[in-house]
Every structure is written in structure tokens, then in C-alpha cells.
Amino acid sequence: MAEPDAATWLACARIPAHRYPTRSAFAEGRMTTRYADLLMDTVSRLTEAEGPDQTWDAAAGVANRIGARALTCGAVMRDSRHVAWVRSSMDASFLEAFSDARLYEVDPIQAGAIAGRVAPRIDVAAALRTETDPRARDLYAMLLEHGFRHYLNHTWIEEASEQTFALACDAHPAELFGRGTERAFSAVSAILSMAMRSPGLVYAEDRAFDAPWSRLSDPERDVLCYLGQGLNSEQIADRLLRPQSEVSLLLDRACRRLGTQRPEQALSLVLVRGGLCL
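Numbering (UniProt numbering), first residue to last: 1 to 278.
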């Protein structure tokens, strides 16, 4: 049997004979396949995950597959702009030094998340060259020392909070997953934002990097729970068989513990942190 000629191959592939596939077309096809495989793998890993820890491990694994050295995710409350929680797959020694030196106070990603304006990309070496603040320079130098030379960031709104996902990379992000790296991370982070759950209240205060993370007392948790069910202070007092003045005092105390101005903000913060079930 004769070997099919080029025209036959093109016809079988449903490619017009006058348009031979170029090298860039083949590269685009490979990128499309990798992109689809990445999204399918992301969904598969998250579907199999049970609980916040497994979900986080799956998310960090997806980030590693893209080619990142670490993934950091944090949530900021939309009403108070308080940091709700932060998780990171960075080395524990880095996070300890970062927290001990309070470098989160000069972290551009955390500052951007609180302000609602996170830079989509950060070149750490370039930032170091132009930075004049000594503590910020210390942060950038430490990032470079650990191989975190570039950041690729995305923020998504999830009901009461805004979740920011930050990929820390050694190489330029465009070299991680080809030309479609930013598009791939945008899609992946959107999937992660729908599946990501808070770390819960079992983690230490520095998980929120100096944001109020005090544990609520049982009575404070009770009044917030009833508040979340739509009861007002008078109805909560009737339900708990307590004076209304005591209920108001408990709500005020919960606000002070969590650093919020209103009970509704305290309720929202605890729900986002996974510390209350209605």
C-alpha cells in the first residue's frame, strides 16, 4: 500500500490543504492539551480531598505542577478589610523568620490584599533595586535567598471575603507553563477559590500575621451563632435565658476579641475562618 501523501494526511486531519500546520500551531496544540490536563487534574485532586488539610495539600500540589516553588493563599474580609487567615507552603524556617521579624507589615502582597489592589506580578529583584525602606529590603533579600524571585498573584471574591493566591517562583512565570502560564494560573486559582476552605481555629495566631485571632468563649460563640440564624439581641436573650444586657455585653466582647466594629462583622469573620457552624 502506498504511503499517504501530505494532502491525504491534511484531509484526514481536517486541515485545509492550503494551510500546512506551522511549528507555532503544533506548540499551541500542545499548550491546549497541557492546559486542559492541568484543569482536569486540579478538579480531580480537589474532588478527592477531604477536609481543609487535604484540600490545601491538593492546592499546593497543583502549584508545584505548574512549576512554582510555593503557594500562599489568604483571605481578607470585604467589610472590615481584616486578614481572616493565611496559609503557605513555604518552608517553615522562612515563615518563622518572616513572622518573628514582622515582615508581613511590609509585605506588598498582604498590603495589596488589604487595600483591595494586589499587583498581578512582582519581580522581587527589581523591587529590591528600587526599595528604600530597610525592612522591605530585608524582606526582598530574604525572598531572593530562598529562591522566590517572582510572584504571580490572583484575587477572587468569595461571598464575605476576598481570597488572594500567590505563586512564588524561581524562574520568570512565563517560563513555568509556557506562554499560557498566567491564563493557566488564573483558571486554576478560580477553581481553588471555590474549593479552598479556611484552616480552622486550630492554627496559631501568626496564621493571620498579627490580625486578631483570639478564641471566643462558649457564650460568645453561642450569641454569634444565634445572630447568624437571624435572631436579634432580645430573641437571643429569650433563647439563652439571659438578660438582654448580658447578650449585648457578650456581642461587644466578641467584637473586641476579633477586632471588629459590629457583631455582624465578627460573625462574618468567624464563619470565614471556619470557627462556627450555623
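We treat Cβ as the ideally placed atom computed from N, Cα and C, and that holds for glycine.
Computed from a predicted structure; not experimentally measured.
My assumption, with CB atoms under 8 Å, is that S268 sits in contact with M77. Please give the rounded CB distance.
6 Å
Residues bridged to L152 [DSSP beta-bridge criterion]:
R121 and L167
Endpoints, alpha helix (DSSP H) assigned at S193:
T181 to A195
Should A36 and L46 be called a contact, given that it needs their Cβ atoms to be closer than 8 Å?
no
Enumerated in chain order, which unbroken segments of the alpha helix (DSSP H) with a length of 4 residues or greater are wholly contained in the region 48-105?
51-66 and 92-100
Residues near A184 by beta carbon distance below 7 Å, same chain, minus five either side:
Y35, L38, I66 and F177
Output needed for P219: all residues of its chain with C-beta closer than 6 Å, excluding positions within five of it in sequence on either side, in chain order.
L250
Compute the distance between the beta-carbons of D170 and G147, then report whether it is under 8 Å.
yes
Nearest-angstrom Cα distance between R239 and R273?
25 Å
Here's a check: name, in chain order, each residue in its chain whose Cβ is nearer than 7 Å to the Cβ of W56, leaving out the five neighbours to either side.
R87
Under a Cβ-count criterion, where at least 16 other Cβ atoms within 10 Å of its own Cβ denotes burial, should I157 be classed as buried or exposed?
exposed
I believe C73 touches F165 by the beta-carbon criterion, under 8 Å. Please report the beta-carbon distance rounded to the nearest angstrom.
5 Å
According to DSSP, is S161 helix, strand or coil?
strand
Quick check on E220: does DSSP put it in helix, strand or coil?
helix
Please state whether DSSP places D107 in a helix, a strand or coil.
coil
From what residue to what residue does the alpha helix (DSSP H) around P134 run?
P134 to E145
Evaluate the contact criterion for the region 98-106 versus the region 217-235: three or more CB pairs, one atom per stretch, below 8 Å.
no
Is P173 near L227, with beta carbons less than 8 Å apart?
no
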